[in-house]
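Each residue of the sequence shown is one higher than the one before, starting from 51 at the first, in my numbering.
Just so you know, even glycine gets a beta-carbon here, dropped at the ideal spot from N, CA and C.
In this text, all values refer to a predicted model and were calculated from it rather than measured experimentally.
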Amino acid sequence: MRPLLFGLALGLGLLVSGSARAAVRPASLDLRRMHLERGSYVAPARRGGGTAKLTIVPALQATAERLLAKARPHEGAIVMSDVRTGKILVWASRGGGDMVSTPLAPSASLFKVITAAALLESRRVSPVTKQCYAGGEHGIEADDLHDDRSRDDRCTTLGDALGHSVNLVFARLALKHLEPEDLREQAGRLGVGDDIPIDVQVPRSPLRVPDDELGFGRAAAGFWNGKLSPLSALFFMQTIARKGERVPLTLLAGEHETPDDDEGPGRAMRVSTANTLVRMLEVTTRTGTSAKVFHDEDGRRVFPHMNVAGKTGTLIGGHPSRMFSWFAGFAPSRQPHVAISVMLANDVKWWTKG
């Protein structure tokens with residue numbers, strides 16, 4: 051994720067506050083045709099005519115659209131929420147459709163966040179659980195799945211493996227401590243393979259977690275386990291930022307009826323699991339896969355007074371072939387105000403990598 055793409059959007063987002071509630075019945079809107087009207091964004095209904103006013107902040111939306119245009123991906127999206135309320139602040143797409151809610155890209159290493167949550171929820175591992183490995187940087191084969199003292203020449207902890215995106219740590223720990231159904235259930239609670247609580251109709255992000263050992267190990271590490279929408283990535287980051295609480299997302303402006311607490315979306319994980327994930331996700335921007343983006347040429351932090359939690363992901367695939375790049379996260383990490391998800395789909399020889 052480039053500093054411009056994340057920094058401007060995040061910095062503007064921190065200025066926004068407000069309240070919102072989720073509608074009981076999701077509205078059917080054509081979000082590809084959303085537009086600015088009398089100072090507010092609106093979207094036409096798919097049936098019956100009329101438009102609905104949206105929660106999108108025009109200044110933030112304009113910034114996001116400008117950044118996507120500068121990045122020049124074939125397809126791309128930026129979506130941002132107010133963590134405190136679930137209100138959507140930005141819903142920006144590029145590529146001829148609504149790329150925010152479309153599950154176009156593979157989840158790639160973003161799925162490691164879900165695997166980490168499932169492992170921590172199992173109570174069988176902790177951030178200091180050590181796992182040794184060899185290889186696995188670009189793919190996982192059957193002979194990579196199990197510990198081998200004669201080959202394993204590197205070791206790390208689960209806490210560091212997430213921020214540095216170490217594939218085999220997640221594959222091996224999942225095989226040792228989880229069943230495929232554990233991963234499916236945790237993914238569903240985080241809005242992957244199940245409905246996202248939001249007041250507009252959006253497609254599910256499809257999930258595929260095979261039962262065979264190799265397929266399960268690959269899926270746990272983020273290799274071709276389904277497609278992910280930027281909206282799904284936003285929701286699971288917001289959920290972690292809210293200490294595991296599944297706060298509904300709101301795109302419709304105004305006050306809407308909300309379900310009773312007993313009928314609400316509930317929790318995705320324990321508070322302790324969410325707090326641990328926050329610390330693990332801070333590694334990404336401090337010393338991990340996006341550390342260079344969050345530090346200047348002299349090694350000084352770009353945001354010296356604010357910690358950012360996040361996760362990157364990159365994978366090549368699809369027809370035609372694309373390089374899919376992700377960043378999803380929230381800030382400030384310990385007292386979150388905004389969550390953001392960015393997806394770019396470029397030619398393999400990319401113009402701007404996310």
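In the structure shown, what three-state DSSP assignment does residue i receive?
{"i": "Val140", "result": "strand"}
{"i": "Phe344", "result": "coil"}
{"i": "Arg222", "result": "helix"}
{"i": "Ser322", "result": "helix"}
{"i": "His188", "result": "coil"}
{"i": "Phe161", "result": "helix"}
{"i": "Thr308", "result": "The predicted model places Thr308 with a pLDDT of 44, which falls under 50 and marks its position as unreliable; any figure quoted below should be read in that light. Residue state, collapsed to three classes: coil."}
{"i": "Val392", "result": "strand"}
{"i": "His85", "result": "strand"}
{"i": "Thr335", "result": "helix"}
{"i": "Met130", "result": "strand"}
{"i": "Arg384", "result": "coil"}
{"i": "Phe273", "result": "coil"}
{"i": "Val358", "result": "coil"}
{"i": "Ser282", "result": "helix"}
{"i": "Glu295", "result": "strand"}
{"i": "Arg71", "result": "In this prediction, Arg71 scores a pLDDT of 42, lower than 50, which makes its location untrustworthy; the coordinate-derived value is nonetheless stated afterwards. Note: Arg71 maps to coil in three-state DSSP."}
{"i": "Phe374", "result": "strand"}
{"i": "Leu302", "result": "strand"}
{"i": "Leu55", "result": "Its pLDDT being 47, under 50, Leu55 is placed unreliably in this model, and the coordinates cannot settle the point."}
{"i": "Pro94", "result": "strand"}
{"i": "Pro156", "result": "strand"}
{"i": "Gln181", "result": "strand"}
{"i": "Val250", "result": "strand"}
{"i": "Gly238", "result": "helix"}
{"i": "Arg268", "result": "helix"}
{"i": "Gly145", "result": "coil"}
{"i": "Leu208", "result": "helix"}
Beta-carbon separation of residue i and residue j under 9 Å?
{"i": "Met405", "j": "Ala341", "result": "The question about residue 405 has no answer here: the residues shown for the chain are numbered 51 through 404."}
{"i": "Asn169", "j": "Leu195", "result": "Rather than Asn, the amino acid found at residue 169 in this sequence is Leu. No; because the gap between Cβ atoms is not below 9 Å, this pair is not in contact."}
{"i": "Gly363", "j": "Val321", "result": "no"}
{"i": "Leu212", "j": "Leu331", "result": "yes"}
{"i": "Gly379", "j": "Thr334", "result": "yes"}
{"i": "Thr337", "j": "His214", "result": "yes"}
{"i": "Gly147", "j": "Trp274", "result": "no"}
{"i": "Pro315", "j": "Val343", "result": "no"}
{"i": "Val328", "j": "Ser383", "result": "yes"}
{"i": "Leu302", "j": "Ala102", "result": "yes"}
{"i": "Pro190", "j": "Leu240", "result": "Sequence check: residue 190 is Ile here, not Pro. The answer is no: Cβ separation not under 9 Å."}
{"i": "Leu118", "j": "Ala142", "result": "yes"}
{"i": "Ala121", "j": "Thr323", "result": "no"}
Whose C-alpha, out of the options, is nearest the C-alpha of residue i?
{"i": "Ala271", "options": "Val133, Glu187 and Phe380", "result": "Glu187"}
{"i": "Leu104", "options": "Leu81, Arg336 and Ala114", "result": "Leu81"}
{"i": "Gly145", "options": "Leu240, Phe286, His124 and Lys137", "result": "His124"}
{"i": "Glu385", "options": "Asp244, Val352, Gln288 and His345", "result": "It should be noted that the sequence gives Gln, not Glu, for residue 385. Measuring from the Cα of Gln385, the nearest candidate turns out to be Gln288."}
{"i": "Thr135", "options": "Leu299, Leu284 and Ala77", "result": "Leu299"}
{"i": "Leu284", "options": "Ala112, Ala359, Leu365 and Ile190", "result": "Ala359"}
{"i": "Arg292", "options": "Asp203, Ala389 and Trp376", "result": "Ala389"}
{"i": "Gly454", "options": "Leu228, Arg204 and Leu118", "result": "The question about residue 454 has no answer, for the chain in this structure spans 51 to 404."}
{"i": "His355", "options": "Ala381, Lys226 and Pro256", "result": "Ala381"}
{"i": "Arg96", "options": "Lys137, Val250, Asn357 and Val398", "result": "Val250"}
Beta carbon of residue i: closer than 8 Å to some heavy atom of the ligand GDP?
{"i": "Thr364", "result": "The ligand GDP is absent from the structure shown, which contains no ligands of any kind."}
Is there a C-beta anywhere in chain B that falls below 9 Å from the one on residue i?
{"i": "Ala389", "result": "The question asks about chain B, but that chain is absent: this structure has only one protein chain."}
How about the stretch 214 to 230 and the stretch 176 to 188: do they share at least three Cβ pairs that are nearer than 8 Å? yes
For the pair the stretch 254 to 272 and the stretch 88 to 96, tell me if three or more CB-CB distances fall below 8 Å. no
Decide yes or no for the touch test of the stretch 150 to 170 against the stretch 274 to 281: beta carbon pairs closer than 8 Å, at least 3 of them. yes
Is the stretch 122 to 136 in contact with the stretch 232 to 245, if contact means three or more CB pairs nearer than 8 Å? no
Which full runs of the alpha helix (DSSP H) of 4+ residues lie inside the stretch 100 to 130, going along the chain? 108 to 121
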